[in-house]
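Notes to accompany the following structure.
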Amino acid sequence: MMIVGLGRDELRAVLAPLELDTPRVFRALWTGLYARGATSIEQLGLGKKVCEKLAGAVSLARPEMVREQVSSDGTRKWLLKLADGNLVETVYIPEEGRGAVCVSSQVGCTMRCSFCHTGTQPLVRNLTAAEIAAQVVLARDRLGDFVGGKRGNLVGSVVLMGMGEPLANFDAVVSAIAVMSDADGLAISRRRITLSTSGLVPQIDRLGSECPVSLAISLHATNDALRNELVPINTRFNLATLIDACRRYPATNARRILFEYVMLDGVNDSDAEARALVKLLAGLHAKVNLIPFNPWPGSRYGTSKPERIEAFARILVEAGYPSPVRTPRGRDIAAACGQLKSDSTRPQKAPRSLHADI
Ligand code: SAH
Ligand code: SF4
161 MMIVGLGRDE LRAVLAPLEL DTPRVFRALW TGLYARGATS IEQLGLGKKV
211 CEKLAGAVSL ARPEMVREQV SSDGTRKWLL KLADGNLVET VYIPEEGRGA
261 VCVSSQVGCT MRCSFCHTGT QPLVRNLTAA EIAAQVVLAR DRLGDFVGGK
311 RGNLVGSVVL MGMGEPLANF DAVVSAIAVM SDADGLAISR RRITLSTSGL
361 VPQIDRLGSE CPVSLAISLH ATNDALRNEL VPINTRFNLA TLIDACRRYP
411 ATNARRILFE YVMLDGVNDS DAEARALVKL LAGLHAKVNL IPFNPWPGSR
461 YGTSKPERIE AFARILVEAG YPSPVRTPRG RDIAAACGQL KSDSTRPQKA
511 PRSLHADI
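If you want the numbering used here, it's the position in the sequence shown, counting the first as 1, plus 160.
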């Protein structure tokens with residue numbers, strides 16, 4: 161079986177029936193996979209007998225990569241084929257110094273935000289923890305970021321901002337974060353892992369107590385009527401409830417909550433709305449990212465004019481929120497926010513109870 165992405169307990173459960181659950185074999189596999197980027201059993205430095213036994217049962221292969229695209233700005237997008245044939249995307253965003261890997265947590269998304277391409281994908285399933293964590297390993301492979309068997313430093317952070325609503329796949333996401341942040345492995349500290357959510361309030365509280373990573377909230381509107389339309393989960397957890405959850409979230413000055421706000425022409429981009437935003441966030445340790453809307457075929461919104469975004473940003477800057485406009489990256493390869501959508505259109509049973517726990 162493919163083991164990349166498995167957590168410590170899962171890996172032990174694979175080794176136990178082989179009678180290989182020894183500290184030495186475990187450590188060789190764990191650090192091989194996550195710290196050194198080993199792709200074959202021979203690279204683990206284990207004896208011949210152990211290798212033979214392992215070879216019969218496990219594989220260090222990665223999920224199949226069916227397409228790699230490189231943008232003119234250096235952004236990369238990988239289309240991955242999962243064991244069941246479903247497709248998901250992972251994006252690498254180079255930044256000065258180290259870059260960020262943007263990982264997916266679901267195939268498609270059930271939240272159906274009206275401006276988001278992923279939300280239009282008919283086929284939806286949760287990714288497993290291993291499928292989520294493996295995306296970071298694969299990104300490091302493709303970037304050549306396991307230099308000479310060691311961890312390189314091209315990947316400095318992870319953002320859970322790809323396809324899917326991470327908090328609708330809570331357990332798998334938390335397990336995957338444990339793998340990504342493990343100090344003997346991928347070693348990306350929780351502070352440098354940012355989870356973006358459309359606002360599942362009970363799970364925000366759980367995240368804060370069980371796995372306090374950096375939090376990003378897809379806000380997009382300052383009143384319930386508009387947010388109900390843009391982010392339908394708002395009908396369940398309204399703005400006041402969401403902002404209360406943000407106030408409860410463990411944050412420090414160094415780690416403010418990021419509020420994402422997509423700039424939709426004539427919909428949510430007036431000066432009055434900028435002022436309402438300032439008011440809404442009053443007293444919170446917050447920063448704001450204005451995301452120019454990235455159009456997709458058939459989308460019903462337009463991108464706000466640059467002067468409008470500037471004027472909106474100015475009101476935020478004057479209120480103490482610094483440089484908030486997010487430059488769209490990888491637009492030429494449809495890798496920018498909200499453009500991820502693979503062609504998973506196989507017929508399926510209704511996505512049963514994905515939401516049962518919210
Ligand atoms: N589902 C999570 C994370 C993935 S989306 C969430 O919604 O937060 C990452 C960000 O891109 C979110 O803020 C989302 O609202 C935004 N987004 C979605 N579609 C977009 C589009 N077409 N243009 C710009 N941003 C978009
Ligand atoms: Fe899902 Fe996020 Fe897109 Fe909304 S914006 S449909 S929550 S991926």
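Beta carbons: idealized from backbone N, C-alpha and C, even for Gly.
Keep in mind that this is a model prediction, so the values were computed, not measured.
Please report the residue range of the alpha helix (DSSP H) in which residue i lies.
| i | result |
| --- | --- |
| F453 | Run containing F453: none; DSSP gives neither H nor E here. |
| S317 | Counting along the chain, S317 falls outside any alpha helix (DSSP H), though it belongs to the beta strand (DSSP E) covering V315 to L320. |
| G259 | Premise fails: G259 lies in the beta strand (DSSP E), G259 to C262, not in any alpha helix (DSSP H). |
| S369 | V361 to E370 |
| I403 | L399 to R408 |
| A432 | D431 to L440 |
| L520 | Nothing can be reported for residue 520: it is not among the residues displayed for the chain, which extend from 161 to 518. |
| I337 | F330 to S341 |
| E212 | K208 to A215 |
| G192 | P183 to Y194 |
| D384 | D384 to L390 |
Which residue comes first and which comes last in the beta strand (DSSP E) that contains residue i?
| i | result |
| --- | --- |
| Y421 | I417 to M423 |
| K465 | K465 -> no beta strand (DSSP E), and no H or E assigned at all. |
| V226 | E224 to V230 |
| L355 | I353 to T357 |
Please go through the same chain and pick out, in chain order, the residues whose beta-carbon is closer than 6 Å to the beta-carbon of residue i, but skip the five residues on each side of it.
| i | result |
| --- | --- |
| E179 | none |
| H515 | Below a pLDDT of 50, predicted positions are generally treated as unreliable, and H515, at 35, falls in that range; no measurement from the model is reported. |
| G359 | I393, F397 and L402 |
| W238 | M225, E228 and T250 |
| L440 | T382 |
| Y461 | F275, L424 and F453 |
| G324 | S264, S265, Q266 and C269 |
Considering only their Cβ atoms, is the gap separating residue j from residue i smaller than 7 Å?
| i | j | result |
| --- | --- | --- |
| S265 | N313 | no |
| A289 | A336 | yes |
| V297 | M340 | no |
| T354 | V319 | yes |
| R350 | V315 | no |
| V164 | L193 | yes |
| A299 | V261 | yes |
| G234 | A338 | no |
| Y481 | K447 | yes |
In chain order, what residues of the same chain lie with their CB nearer than 8 Å to the CB of residue i, ignoring the 5 residues before and after it?
| i | result |
| --- | --- |
| D431 | A471, F472 and I475 |
| A221 | M162, V164 and T199 |
Name the one or two DSSP bridge partners that residue i has.
| i | result |
| --- | --- |
| F266 | It is Gln, not Phe, that sits at residue 266 in the sequence shown. DSSP, once it has assigned bridges, lists N286 as partnering Q266. |
| M161 | DSSP output for M161 lists no bridge partner at all. |
| I493 | I493 is not bridged to any residue. |
| W238 | E228 and T250 |
| I377 | T357 and F419 |
| A293 | In the DSSP output, where bridge partners are listed per residue, A293 has none listed. |
| A221 | In the DSSP output, where bridge partners are listed per residue, A221 has none listed. |
| A446 | I417 |
| V485 | L450 |
Within its chain, find whatever has a CB closer than 7 Å to the CB of residue i; leave out the 5 residues flanking it on each side and keep chain order.
| i | result |
| --- | --- |
| D492 | S231 and S232 |
| V485 | L450, I469 and A473 |
| A479 | V438 |
| A411 | I417 and H445 |
| A434 | F472, I475 and L476 |
| P452 | M423, T463, S464, I469 and P488 |
| A294 | V164, G165, R222 and P223 |
| L206 | V185 and A188 |
Quick one: is the Cβ of residue i within less than 6 Å of any heavy atom of ligand 4?
| i | result |
| --- | --- |
| E420 | Absence of ligand 4 from the depicted structure is noted, with ligand 1 and ligand 2 being the only ligands included. |
Below 5 Å from a heavy atom of ligand 2 - residues by beta-carbon:
C269, M271, C273, C276, T278, G279, E325 and S358
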